[in-house]
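See structure below.
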Amino acid sequence: MSPYKHSLLCLFVLFFVSKAQDEPPRTLKYLFRSVYSFGDSFVDPGNNNYLPNVAKSNFPPYGRDFVNKQPTGRFSNGKLFPDFVAIYLGSEYQRPYMDPMLNLTEQPTAVSFASATSGYDPSTTNKSNATSMLDQLEEFKVYKGKLQRKLGKRIANREIRRALFYVNAGSDDFALSYFGDGNPTTTSSGSIPQKITPEEYEQSLLKRVKQFVQGLWYQGARKIAVNGLPPLGCIPIGITRLPPTPGNSQDARNCVEYVNAISKDFNLLLQDELKALQNKFPKFGTKIAYIDFEQPLLDIIQNPDEYDFSEVNKGCCGTGLYEIGVQCNETTPVCADASEYVFWDAAHPSEDAYYAIFQSNLATIDQIIKF
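The sequence shown begins at 54 in the working numbering and counts up one residue at a time.
Put into structure tokens, the structure is as follows:
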């Protein structure tokens with residue numbers, strides 16, 4: 054039995070034992086809350102299945118370790134970070150908002166509005182026909198209206214106030230728009246295009262993060278968790294495509310440190326922005342918190358033996374150097390055991406890596422929910 058399955062089994066055993074004793078463990082007092090997620094392919098459970106977007110993963114070998122061994126549109130071999138959050142809080146794994154079979158009467162529930170290749174930067178979404186972050190917010194407004202009509206305004210609004218809102222975006226902004234083919238440019242007074250500096254791009258994204266979080270709050274969200282960037286210089290396809298850190302060879306496949314420095318800088322600024330938003334909304338039971346992907350993932354990569362991983366800089370699918378989406382398909386060879394790999398494909402963590410990151414953020418999740 055894998056570590057995450059054993060832990061979840063223990064969680065539910067404790068739950069039923071505690072019910073008999075009428076003394077629920079501390080972590081179980083916050084169960085039975087809905088989870089709503091927004092963002093990109095780190096969060097999308099299959100919304101892109103319903104979009105004219107090439108960023109899809111609803112085919113083997115994706116999902117080979119998921120429920121019923123079926124691909125769903127998740128960019129992993131199994132569950133994603135918000136799936137573990139949803140299970141922990143008493144729901145099932147998250148469902149795509151665009152799924153026509155989505156049941157509004159199931160409460161608590163886990164619904165994702167995320168779309169692979171989306172981002173805070175509108176130009177990121179324009180390149181891929183993904184659902185933009187602002188459009189995801191609009192979709193939530195529609196969902197909220199349907200929920201109010203189905204459950205009644207009082208019950209629906211209460212469920213929304215109690216729910217956890219999880220946001221994970223920004224990686225594709227840097228991968229596709231900043232470092233990708235469509236590098237952002239600005240025009241100088243002499244009309245000569247000049248590349249935006251990382252610092253300038255970070256500031257432009259932070260403004261949109263603020264706008265998005267405020268939008269959630271005005272729709273009734275009171276418990277909001279915002280993900281920082283992963284160490285982008287350690288993502289396998291980034292190691293493959295980007296110039297290596299000076300002094301390192303490409304073949305060494307070490308993390309690209311100058312890119313990791315951008316992730317770190319953005320995450321520090323993001324934490325400051327979230328604290329400012331928390332201070333802006335100090336009442337009404339509001340809790341806005343930062344979810345750390347950067348340090349847990351770095352720790353896993355730097356100390357793989359402690360987490361029972363053996364491969365840290367290649368994905369399980371194909372060569373592990375560049376395969377993502379359609380390049381990782383049913384004809385592509387895959388590793389025998391994905392639990393030994395930090396990354397499933399060349400851009401996305403494996404289920405076991407997501408679970409390790411979830412465990413690292415469990416105290417923060419508890420803090421948000423109990424606030």
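Beta carbons: idealized from backbone N, C-alpha and C, even for Gly.
With 16 as the cutoff for other CB atoms within 10 Å, does residue i come out buried or exposed?
| i | result |
| --- | --- |
| L415 | exposed |
| F193 | buried |
| M154 | exposed |
| P335 | exposed |
| T158 | exposed |
| D361 | exposed |
| Y271 | exposed |
| E347 | buried |
| R127 | buried |
| D390 | exposed |
| K109 | buried |
| F337 | exposed |
| F134 | buried |
| F265 | buried |
| G438 | Past the edges of the chain, shown from 54 to 424, lies residue 438, and the structure says nothing about it. |
| P402 | buried |
| K423 | exposed |
| R148 | buried |
| Y144 | Inspection of the sequence shows that residue 144 is occupied by Ser rather than by Tyr. So S144 counts as buried. |
| K206 | exposed |
Note down the Cα distance separating residue i from residue j, rounded to an integer number of angstroms.
| i | j | result |
| --- | --- | --- |
| A329 | S363 | 40 angstroms |
| G291 | E376 | 12 angstroms |
| P386 | N101 | 24 angstroms |
| F227 | V120 | 32 angstroms |
| K82 | I213 | Residue placement at K82 is poorly supported in this model, since its pLDDT is 48, which falls under 50; the coordinates still yield a value, given next. Distance between the alpha carbons of K82 and I213: 18 angstroms. |
| S87 | V262 | 22 angstroms |
| D97 | D358 | 29 angstroms |
| G198 | A209 | 9 angstroms |
| T170 | Y89 | 18 angstroms |
| Q201 | Y219 | 21 angstroms |
| K276 | L327 | 12 angstroms |
| L351 | N280 | 15 angstroms |
| N320 | G286 | 14 angstroms |
| Q256 | A222 | 15 angstroms |
| L190 | G92 | 10 angstroms |
| D419 | K333 | 22 angstroms |
| R79 | T372 | With a pLDDT of only 34 at R79, under the threshold of 50, the placement of this residue in the model should not be trusted; the figure read from the coordinates follows. Whole-angstrom Cα-Cα distance: 44 angstroms. |
| Y254 | K260 | 10 angstroms |
| N179 | S185 | 8 angstroms |
| E393 | T162 | 31 angstroms |
| K203 | M151 | 18 angstroms |
| P56 | K248 | Reliability fails at P56, whose pLDDT of 48 lies under 50, so the model's placement of it is uncertain and the value that follows must be treated cautiously. In a straight line, the C-alpha of P56 is about 45 angstroms away from that of K248. |
Since residue i is in the alpha helix (DSSP H), which residue starts that stretch and which ends it?
| i | result |
| --- | --- |
| A278 | Premise fails: A278 lies in the beta strand (DSSP E), K276 to N280, not in any alpha helix (DSSP H). |
| A391 | Run containing A391: none; DSSP gives neither H nor E here. |
| S413 | E404 to S413 |
| F337 | Where F337 is concerned, there is no enclosing alpha helix (DSSP H), given that its DSSP letter is neither H nor E. |
| L295 | Careful: L295 lies outside any alpha helix (DSSP H) and carries neither H nor E. |
| T177 | P175 to S181 |
| D188 | M186 to L204 |
| P135 | F134 to Y141 |
Since residue i and residue j are thought to touch, with beta carbons under 8 angstroms apart, how far apart are those beta carbons, to the nearest angstrom?
| i | j | result |
| --- | --- | --- |
| E310 | T298 | 4 angstroms |
| L258 | Y343 | That belief does not hold up - the Cβ atoms of L258 and Y343 are roughly 15 angstroms apart, past 8 angstroms. |
| A399 | G368 | 5 angstroms |
| P289 | S316 | With 8 angstroms as the limit, P289 and S316 do not qualify as a contact, their Cβ atoms being about 15 angstroms apart. |
| F112 | P124 | 5 angstroms |
| A183 | S168 | 4 angstroms |
| L230 | S176 | For the sequence presented, residue 230 should be read as Ser rather than Leu. At roughly 5 angstroms, the Cβ-Cβ gap stays under 8 angstroms, so S230 and S176 are in contact. |
| D118 | N106 | Actually they are not in contact, since the Cβ atoms of D118 and N106 sit about 24 angstroms apart, beyond 8 angstroms. |
| A278 | L217 | 6 angstroms |
Classify residue i as helix, strand or coil using the three-state DSSP reduction.
| i | result |
| --- | --- |
| C287 | helix |
| Q247 | strand |
| I315 | helix |
| G268 | helix |
| L104 | coil |
| A167 | coil |
| I344 | strand |
| K367 | strand |
| P357 | helix |
| P349 | helix |
| K82 | Note that K82 scores 48 on pLDDT, short of 50, meaning its location in the model is unreliable and no value can be drawn from it. |
| Y231 | helix |
| Y254 | helix |
| I421 | helix |
| R148 | strand |
Got a sec, what are the start and stop residues for the beta strand (DSSP E) residue i sits in?
| i | result |
| --- | --- |
| Y115 | Where Y115 is concerned, there is no enclosing beta strand (DSSP E), given that its DSSP letter is neither H nor E. |
| L217 | L217 to N221 |
| G92 | V88 to G92 |
Are any of the Cβ atoms in chain B nearer than 7 angstroms to that of residue i?
| i | result |
| --- | --- |
| L204 | The structure shown contains no chain B; it is built from a single protein chain. |
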